[in-house]
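J.:
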Amino acid sequence: MTEKTYIAAVQDALDLALTKDDNTLIFGEDVGKNGGVFRATDGLQAKFGEERVFNTPLAESAIGGLAIGLTTQNYRPVMEIQFFGFLFEVMDSIAGQMSRNRFRFGGTRQMPIVVRSPYGGGTKTPEMHADNLEGMVAQIPGIRVVMPANPADAKGLLLSAIESNDPVVFLENIHLYRSMKGEVPEGYYTTPLDKAAIVREGQDVTIISYGGGVPVALKAADELGKQDINAEVLDLRTVSPLDIESIGASVEKTGRVVVVQEAQRMAGIGATVMAEISERFILSLKAPIGRVAAPDTVYPFGQAENDWMIKADDVIAKVKEIVDYD
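The numbering of the sequence shown is full-length UniProt numbering, which starts it at 1 and goes up by one.
The following block contains the structure:
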């Protein structure tokens, strides 16, 4: 095991994937010599050459079309969208083409494409650079959406995503890139897709989150523990499809649930989790399901995000409300 930052774990996974399979290609805006906007691909072009790690024009729609075309020649494209707020420029390739082609061609084609993209707030990025749009792509059938919350998962889940024959949208939290370090196994390993993980055991309440919401949930759980409320934290890891079995097991264990997401409250992953629990496990609930989410506004500029983003105190307050429900 080696301690790595979140972004170093991503870079490690990309290096190993390129080493393992000559058909794996990485491309996007500035991913070559510059190593990407956050340096996730730093040094990879020098090591593997311009034919396997290369820059594209500033044209997300072209990047998506290129990825689809390369799959017909047995390549495994790993395309980068510099910020997920620019999803709209590549939406037709993702929603209209990648997601449907295996169905469209009767299962005779594979779509081993990974769409890597940074997302999320907390770094005072300008407009359209911090948006949480995972709910939008999670609604598209045929697309898997993966959002790791720690360095070890970032590496293992990314290698699983690159091995997958389905298209995977792989979202990396900008704030965690260099603010989080953790123990990461050496060498090549994979972490299963579509499986949630209990990252903190507890019996009084389940806090369900994913991506950048997980560190917030863990911070809240630690503080609640000092107040004799033992919270379990479930990290979804893959937000589409959901691991209903793991969600249900934790709900049946604690009977109380708070869902935490960095994205706006309307629709989205948290709403879907709440609906699934209500439909499947309502008889296990001892209280209404609580939710902590961002306001339903456009992502704010500058210092305003300090008030806008979810905080551990918000989670603590909601958990106490649910635990005290009579």
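Using N, Cα and C, we set each Cβ at its ideal position, and we do this for glycine too.
Along the chain, where does the alpha helix (DSSP H) that runs through Q110 open and close?
T.: Q110 -> no alpha helix (DSSP H), and no H or E assigned at all.
J.: Along the beta strand (DSSP E) that carries I282, what are the first and last residues, could you check?
T.: Neither: I282 is in no beta strand (DSSP E) and is coded neither H nor E.
J.: Got a sec? Which residues, its chain only, sit under 8 Å from P192 by beta carbon, not counting five neighbours each side?
T.: So the qualifying residues of the chain are S160.
J.: I'd like to know if the segment 287-296 and the segment 306-315 are in contact, where contact means that at least 3 CB-CB pairs between them fall below 8 Å.
T.: Output reads yes: the segment 306-315 touches the segment 287-296.
J.: Closest by CA to E134, which one among M180, P215, R237 and V216?
T.: Per the Cα distances, R237.
J.: Leaving out the 5 sequence neighbours to the left and right, which residues in its chain are closer than 6 Å to A67 when beta-carbon positions are compared?
T.: Closer than 6 Å at Cβ, skipping near neighbours: P77, M79 and I113.
J.: Of all the options E89, E186 and Y325, which has the alpha carbon lying nearest to the alpha carbon of K286?
T.: Nearest of E89, E186 and Y325 to K286, Cα basis: Y325.
J.: Closest to A271 by C-alpha separation, out of A231, Y177, F48 and I208, would be which residue?
T.: Ranking A231, Y177, F48 and I208 by Cα distance to A271 puts I208 first.
J.: Between I81, Q139, A59 and N74, which lies nearest to P241 when the distance is taken from Cα to Cα?
T.: Taking only the C-alpha atoms, the option nearest P241 is Q139.
J.: Could you tell me which of N165, M98 and M147 sits nearest to G120, measuring between CA atoms?
T.: Of the candidates N165, M98 and M147, the one whose C-alpha sits nearest the C-alpha of G120 is M147.
J.: Would you be able to state if there are at least three C-beta pairs under 8 Å between the segment 222-237 and the segment 278-285?
T.: No, the segment 278-285 does not touch the segment 222-237.
J.: Looking at the strands, I want to know which residues DSSP matches up with N173.
T.: Looking at the DSSP assignment, N173 forms a beta bridge with Y119.
J.: Ends of the beta strand (DSSP E) at K4?
T.: Element bounds for K4: T2 to T5.
J.: My output table needs one value for E262: the three-state DSSP class, helix, strand or coil.
T.: Three-state result, E262: strand.
J.: Excluding five sequence neighbours on each side, which residues of the same chain lie with their C-beta closer than 8 Å to the C-beta of V137?
T.: Excluding sequence neighbours, V137 sits near L87, I94, A95, I143, V145, V169 and S240.
J.: Can you name, in chain order, every residue of its own chain whose Cβ lies under 7 Å from the Cβ of T24, other than the five neighbours on each side?
T.: Counting only Cβ-Cβ distances below 7 Å, and skipping sequence neighbours, we find A17, L18, R76, V78 and I162.
J.: Using DSSP bridges, identify the partner residues of V233.
T.: For V233, which the question treats as bridged, DSSP gives the partners R200 and I207.
J.: Buried or exposed for D12, going by 16 or more other Cβ atoms inside 10 Å?
T.: It is buried - the Cβ of D12 has at least 16 other Cβ atoms within 10 Å.
J.: Suppose only complete runs of 4+ residues qualify. What are the alpha helix (DSSP H) ranges in the segment 7-51, listed by chain order?
T.: Whole alpha helix (DSSP H) segments, 4+ residues: 44-48.
J.: Got a sec, what are the start and stop residues for the beta strand (DSSP E) E80 sits in?
T.: Note, E80: beta strand (DSSP E), R76 to E80.
J.: Using a 10 Å radius around the Cβ and a threshold of 16 neighbouring Cβ atoms, would you call M1 buried or exposed?
T.: Per the 10 Å Cβ criterion, exposed.
J.: Along the beta strand (DSSP E) that carries E183, what are the first and last residues, could you check?
T.: First-last of the beta strand (DSSP E) with E183: K181 to V184.
J.: Quick check: the segment 194-208 against the segment 217-224, are there 3 or more CB pairs under 8 Å?
T.: Yes, since at least three Cβ pairs between the segment 194-208 and the segment 217-224 fall closer than 8 Å, the two stretches touch.
J.: For A130, which of helix, strand or coil comes out of DSSP?
T.: If DSSP states are grouped into helix, strand and coil, A130 belongs with coil.
J.: Buried or exposed: where does S246 fall if 16 or more other Cβ atoms within 10 Å of its Cβ makes it buried?
T.: S246 is buried by the Cβ-count criterion.
J.: From S164 to I63, what does the alpha carbon distance come to, in whole angstroms?
T.: Cα to Cα, the separation comes out at about 19 Å.
J.: Work out the CA separation of K124 and T297 for me, nearest whole Å.
T.: The alpha-carbon atoms of T297 and K124 are separated by roughly 16 Å.
J.: Can you tell me which of the three DSSP states N165 falls into?
T.: Residue state, collapsed to three classes: coil.
J.: Do F38 and T56 have their beta-carbon atoms positioned less than 8 Å apart in this structure?
T.: For T56 and F38, no; Cβs fall outside 8 Å.
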